[in-house]
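Asker: What follows is a structure written as structure tokens; I'll ask about it next.
So this is what it looks like as structure tokens:
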């Protein structure tokens with residue numbers, strides 16, 4: 001249970017980091033909080049030959065702040081900007097008193113334990129891209145973009161294009177994730193997060209994130225629902241769009257959820273059978289939809305008058 | 001930029017409990033092993049070595065973290081506090097007494113980590129004392145929307161104890177959270 005040997009480079013500036021990464025060496029890994037990488041190295045599931053420790057990069061420790069009415073092509077709206085090196089606990093404390101970041105706050109409370117969130121970073125969790133992790137799920141569900149820098153320049157990748165496969169993202173070997181823009185839901189949007197795991201702090205067996213807005217007749221106007229733990233990456237369930245224009249009916253949500261989740265390609269694994277996971281996902285999905293609907297009802301007064 | 005090649009022994013200095021400890025180490029040495037093997041501070045226990053059990057919890061710059069998930073070379077220059085350091089803290093006797101009175105440990109393997117986490121969460125970073133007494137109406141005072149009970153459970157969720165069933169630990173922490181040390 002000790003890591004195998006590696007070269008260690010502690011970088012002080014972004015330019016230095018990009019120069020080190022420019023070789024594109026696939027055996028080089030970036031060390032941020034290390035709360036996923038170090039366990040994998042201790043268990044020899046990962047044996048990088050070279051670690052680049054970015055904990056000294058002040059530029060990436062950008063405190064969370066809202067960016068309102070931002071416009072980037074067709075992608076416009078309000079975002080929460082968070083530096084990649086911000087600790088999960090720091091974001092948890094910020095979002096605790098930021099009503100529009102309620103979904104993020106709720107999800108953060110499921111990430112590991114307070115002691116691992118003290119060290120684990122927001123960018124590290126996204127870059128690690130564990131298919132059952134909470135932060136990737138919320139990023140996929142809310143939408144937003146990541147900012148990637150390399151010696152070639154800076155580019156942005158939208159949330160829907162970021163996660164590619166198990167533990168695999170759009171980040172190229174020579175690129176550094178510097179900051180994240182999380183799309184903030186409308187002030188009157190209801191949100192919900194549901195998760196099932198064996199013990200507090202364990203990886204989710206299944207997790208569900210949902211945002212929903214209602215129209216003046218308390219019918220569903222817009223709904224987004226994401227799942228983690230059911231595929232190689234977090235996925236959006238577009239089929240819940242069938243509920244748009246309808247008021248809440250549990251039986252109807254149950255039918256839509258069961259049909260959508262029935263189409264997911266689930267396999268048996270050491271934690272659960274496919275049938276169990278399908279049943280669990282359906283139950284949590286209906287709960288998340290109902291909780292988001294009720295949350296939206298309580299936020300009725302925040303809805304702009306049309 | 002600092003570069004250290006694998007398999008070389010590089011001298012580093014870590015400040016632990018206020019004292020400098022100098023040793024030549026490999027890049028892959030974990031902070032938990034530095035504390036136990038190089039400093040001889042064996043109060044930091046090593047259980048799972050993948051961040052789950054919490055026995056190796058220490059403070060790095062006053063923040064509770066897993067020392068098995070941190071490289072010793074990465075924290076050169078930081079202020080490390082172990083259970084040996086906290087045992088000299090003015091608030092420690094109250095923690096010791098509460099854990100004893102509530103039978104909050106049996107074999108004691110998990111205890112150092114739990115005490116580090118509890119003291120990190122409950123001791124005010126400015127006054128260095130446990131929080132002032134609260135009337136019954138404040139017994140469940142919200143912290144980030146959490147009740148005191150939820151907060152205690154969340155602190156302890158990061159620690160595995162295979163003996164006590166946690167009830168005694170919860171009672172000890174609940175008492176500490178409501179106790180005034182500074183006014184004594």
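Residue numbers (our numbering), protein chains in the order written: chain E, 1 to 306; chain Z, 1 to 184.
Cβ coordinates follow ideal geometry from the N, Cα and C atoms, glycine included.
Starting from residue 177(Z), trace the alpha helix (DSSP H) in both directions and tell me its first and last residue.
Answerer: 167-177
Asker: Could you pull the start and end residues of the beta strand (DSSP E) that residue 81(Z) belongs to?
Answerer: 79-81
Asker: What whole-angstrom Cβ distance do residue 205(E) and residue 87(E) have, given they're in contact under 8 Å?
Answerer: Residue 205(E) to residue 87(E), Cβ: 26 Å. No contact.
Asker: Starting from residue 106(Z), find everything on chain E with Cβ-Cβ shorter than 9 Å and list it in chain order.
Answerer: The premise fails here: residue 106(Z) is roughly 20 Å from chain E at the closest Cβ pair, so nothing lies under 9 Å.
Asker: What residues of chain E sit near residue 27(Z), judged by a beta carbon separation below 8 Å?
Answerer: 5, 6, 7, 8 and 51
Asker: To be precise: take each residue of the segment 58-74 of chain Z, compare its Cβ to all Cβ atoms of chain E, and keep it if any distance is under 9 Å. Which residues remain?
Answerer: 60, 63, 64, 65, 66, 68, 69, 70, 71, 73 and 74
Asker: Got a sec, what are the start and stop residues for the beta strand (DSSP E) residue 11(Z) sits in?
Answerer: Its beta strand (DSSP E) spans residues 10-16.
Asker: Please identify, using Cβ separations under 7 Å, the residues of the segment 184-203 of chain E that lie next to chain Z, in order along the chain.
Answerer: 200 and 201
Asker: 8 Å is my cut-off, CB to CB: does residue 134(E) come that close to chain Z?
Answerer: no
Asker: Check the C-beta distance from residue 225(E) over to residue 244(E) and give it rounded, since I have them as a contact under 8 Å.
Answerer: Rounded, the Cβ-Cβ distance is 12 Å, inconsistent with contact.
Asker: Taking a contact to mean a Cβ-Cβ separation below 8 Å, would you say residue 130(E) touches residue 4(E) in this structure?
Answerer: no
Asker: For the segment 186-274 of chain E, which segments carrying the alpha helix (DSSP H) assignment without a break, of at least 4 residues, lie completely within its bounds, in sequence order?
Answerer: DSSP runs (the alpha helix (DSSP H)) wholly in the segment 186-274 of chain E: 250-262.
Asker: For residue 117(Z), go through chain E and note every residue whose CB falls closer than 7 Å to its CB, in chain order.
Answerer: 115
Asker: Could you give the first and the last residue of the continuous alpha helix (DSSP H) run that contains residue 86(E)?
Answerer: Here residue 86(E) belongs to no alpha helix (DSSP H), and DSSP marks it neither H nor E.
Asker: Using the beta-carbon of each residue, which ones in chain E are nearer than 9 Å to residue 4(Z)?
Answerer: 7, 8, 9 and 10
Asker: Can you tell me whether residue 194(E) is buried or exposed, with buried defined as 16 or more other CB within 10 angstroms of its CB?
Answerer: buried
Asker: Under 8 Å between C-beta atoms, does residue 178(Z) make it to chain E?
Answerer: Cβ-Cβ to chain E under 8 Å: no for residue 178(Z).
Asker: With a threshold of 6 Å on Cβ separation, who are the neighbours of residue 235(E) within its own chain once the five nearest residues in sequence on each side are excluded?
Answerer: 227
Asker: Tell me which residue opens and which closes the alpha helix (DSSP H) that residue 93(Z) is part of.
Answerer: 92-101
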